[in-house]
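*Asks:* The sequence shown begins at 474 in this note's numbering and counts up one residue at a time. Just so it is clear, CB atoms sit at the ideal spot from N, CA and C, and this is done for glycine as well. All values reported here derive from a predicted model rather than from experimental measurement.
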Amino acid sequence: MLPLEKIKVLDLTQVMAGPFCCQLLADMGADVTKVEPPGTGDQARRSMGFTMKGEDTAAFLAVNRNKKSVTLNLKDGEAREIFYRLVREADVLVENFRPGVTRKLGIDYETLKEINPRLIYASISGFGQTGPYAARAGYDLIAQGMSGVMSVTGEPGRPPVKCGVPIGDLSAGLFCAFGVLTAYIARQSTGRGQYIDTSLFEGALALSIWETAELWATGRIPQPFGSAHRLTAPYQALRTRDGYINVGANNQRLWKRLCAAIGREELIEDERFATNERRMANREELARELESTLRERTTGEWMEVLLEAGFPAGPIYNYGQVFEDEHTLAREMMVEMEHPVEGTVRGLGIPVKLSETPGAVRRAAPLLGEHTRETLRRLGYSEEKIAELEEREAI
474 MLPLEKIKVL DLTQVMAGPF CCQLLADMGA DVTKVEPPGT GDQARRSMGF TMKGEDTAAF
534 LAVNRNKKSV TLNLKDGEAR EIFYRLVREA DVLVENFRPG VTRKLGIDYE TLKEINPRLI
594 YASISGFGQT GPYAARAGYD LIAQGMSGVM SVTGEPGRPP VKCGVPIGDL SAGLFCAFGV
654 LTAYIARQST GRGQYIDTSL FEGALALSIW ETAELWATGR IPQPFGSAHR LTAPYQALRT
714 RDGYINVGAN NQRLWKRLCA AIGREELIED ERFATNERRM ANREELAREL ESTLRERTTG
774 EWMEVLLEAG FPAGPIYNYG QVFEDEHTLA REMMVEMEHP VEGTVRGLGI PVKLSETPGA
834 VRRAAPLLGE HTRETLRRLG YSEEKIAELE EREAI
């Protein structure tokens, strides 16, 4: 049995944060129905990057597996009644319209909780449903900038750099899934659903654990350090003969072990690097000293030396190398799915392994409206009525 297979979810989201949230639930067994506008669907289907054989983009395929797709024009009164019927049997609804849009469509929480008081209704937006910025458009880049994330990303003295992965989008999706499951557990006791409000801005800011700790403890504004850690050194990427290697000397014992492993024991007694505080103060000199030795061998050669010495280190892979690595494959972090248009497609595996009720990748992302007819038949609509609704583009 999949852990969430009794939960019915309506996914009214598009692009990244919301679809990612609902895919996390679907991977654990939730019955997720993606409700999309007829004709266009989720804008990520056609406008977000690369396509392969069909019209749907790789980005859409990446965050919509394990879902069904039903098309409904929510501006059409009859289609909205169909939606209300789906709401009556749903446990969860996730939406990421701009604040105020759901009320205009008649699908806001206040309306839907009258139809289904047990409904857990989650909203993801750029800045949340309240506050002076609530009405602003939500983009990952903007959230990264306004949450402080970009201010500590990149190299000192260089222009702002965003995090390489869309951390605002993905963290909002993660926190929303967390909120949904928390509300579901609460409903077991209360019998009532509730409203969940989270945002890209808050998702990115909530991950700023070290940076806010430094700000509030010292009064200093955190600065970017490139790959380096803000509390210990050397804990960073260093150049080798053919690339870079990450080293994790985050205490005195490991610092000594690193020096011994690379044949630079004299650095242990060097006054510039004698303590963590001194190494932090002389970080650039420290990197130059270590790199002068590390450049003598390749990353692979140094990995053998350092692992043999029991020192934590790792190569810096590009994504092609990640999926050639035996550990990635052993942990099943690349999976294959069969898609009716694309054929065999690959996706990321499930990162949380449950011993008794593991998740599963059951099917690839759906085609637009792939399950509309099936769903309407289940709700009791005749073939004639379905054809009529299709004719006037209500579905």
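For residue 655 versus residue 567, is the C-beta spacing smaller than 7 Å?
*Replies:* Their beta carbons are not under 7 Å apart, which means residue 655 does not touch residue 567 by this criterion.
*Asks:* What are the uninterrupted segments assigned as alpha helix (DSSP H) that are 4 or more residues long and contained completely in the segment 805 to 845, given in chain order?
*Replies:* Qualifying alpha helix (DSSP H) stretches: none in this window.
*Asks:* Quick one: is residue 537 buried, meaning 16 or more other Cβ sit within 10 Å of its Cβ, or exposed?
*Replies:* Answer is buried; the Cβ neighbour count reaches 16.
*Asks:* Rounding to the nearest angstrom, what Cα-Cα distance links residue 697 and residue 793 in this structure?
*Replies:* Approximately 27 Å, taken between the alpha carbons.
*Asks:* Name, in chain order, the residues that DSSP records as bridge partners for residue 595.
*Replies:* DSSP output for residue 595 lists 567, 669 as bridge partner(s).
*Asks:* Below 8 Å on the Cβ atoms is my guess for residue 866 versus residue 579; work out the distance and round it to an integer in Å.
*Replies:* About 19 Å; that fails the 8 Å criterion.
*Asks:* Could you tell me the distance, in whole angstroms, from the CA atom of residue 481 to the CA atom of residue 801?
*Replies:* For residue 481 and residue 801, the distance between alpha carbons rounds to 32 Å.
*Asks:* State the CB to CB distance for the pair residue 499 and residue 505, rounded to an integer number of angstroms; the pair is presumed to be in contact (CB under 8 Å).
*Replies:* Going by Cβ atoms, the distance from residue 499 to residue 505 rounds to 4 Å, so yes, they are a contact pair.
*Asks:* Taking the CB atoms as reference points, tell me whether residue 680 and residue 616 lie closer together than 7 Å.
*Replies:* In this structure, residue 616 does not lie closer than 7 Å to residue 680 by Cβ.
*Asks:* Across which residues does DSSP place residue 712 in a beta bridge pair?
*Replies:* Beta-bridge pairing links residue 712 to 717.
*Asks:* Less than 6 Å between C-beta atoms, sequence neighbours within five positions excluded: which residues of the same chain meet that for residue 723?
*Replies:* Answer for residue 723: 705, 708, listed in chain order.
*Asks:* Just confirm the distance between the C-beta atoms of residue 763 and residue 711, as a whole number of angstroms; I'd bet it's less than 8 Å.
*Replies:* Right, their Cβ atoms sit about 5 Å apart.
*Asks:* Which two residues bound the contiguous beta strand (DSSP E) that contains residue 542?
*Replies:* Segment 540 to 544, the beta strand (DSSP E) holding residue 542.
*Asks:* Can you give me the C-alpha to C-alpha distance between residue 569 and residue 771, rounded to a whole angstrom?
*Replies:* For residue 569 and residue 771, the distance between alpha carbons rounds to 47 Å.
*Asks:* Quick one: give me the first and last residue of the alpha helix (DSSP H) that residue 691 is part of.
*Replies:* 682 to 691 is the extent of the alpha helix (DSSP H) around residue 691.
*Asks:* Secondary structure at residue 858, three-state DSSP: helix, strand or coil?
*Replies:* In the structure shown, residue 858 sits in a helix (DSSP, three-state: H, G or I).
*Asks:* Applying the 10 Å Cβ sphere with the 16-neighbour rule, what's the burial state of residue 540?
*Replies:* Buried, since its Cβ has 16 or more Cβ neighbours within 10 Å.
*Asks:* What does residue 902 pair with, by DSSP beta-bridge criteria?
*Replies:* In the structure as shown, the chain begins at 474 and stops at 868. Residue 902 is therefore absent and cannot be evaluated.
*Asks:* I want to know whether the segment 634 to 647 touches the segment 660 to 670 - three or more CB-CB distances under 8 Å.
*Replies:* These segments do not touch.
*Asks:* Using beta-carbon positions only, say whether residue 620 and residue 678 come within less than 7 Å of one another.
*Replies:* For residue 620 and residue 678, yes; Cβs fall inside 7 Å.
*Asks:* Suppose you measure from the CA of residue 732 to the CA of residue 738; what does that come to, to the nearest Å?
*Replies:* Between residue 732 and residue 738, the C-alpha separation is close to 5 Å.
*Asks:* CA-CA distance, residue 701 and residue 611?
*Replies:* Taking the straight line from one Cα to the other gives about 30 Å.
*Asks:* Looking at the structure shown, is residue 547 part of a helix, part of a strand, or coil, going by DSSP?
*Replies:* Note: residue 547 maps to coil in three-state DSSP.
*Asks:* On the CB-based measure, 16 or more other CB atoms within 10 Å of its CB, does residue 658 come out buried or exposed?
*Replies:* Result: exposed.
*Asks:* Output needed for residue 588: all residues of its chain with C-beta closer than 8 Å, excluding positions within five of it in sequence on either side, in chain order.
*Replies:* Closer than 8 Å at the Cβ level, and outside the excluded window around residue 588, lie 557, 560, 561.
*Asks:* Take residue 821 and list the residues in its own chain whose beta-carbon comes closer than 8 Å to its own, dropping the five residues that flank it on each side.
*Replies:* Closer than 8 Å at Cβ, skipping near neighbours: 535, 806, 807, 808.
*Asks:* Give a yes or no on whether the C-beta atoms belonging to residue 786 and residue 834 are separated by under 7 Å.
*Replies:* No, they are not a contact pair.
*Asks:* Residue 474: buried (16+ other C-beta within 10 angstroms of its C-beta) or exposed?
*Replies:* Label assigned to residue 474: exposed.
*Asks:* Return the chain-ordered list of same chain residues with a C-beta closer than 8 Å to the C-beta of residue 581, the five sequence neighbours on each side being excluded.
*Replies:* Here the set comprises 575.
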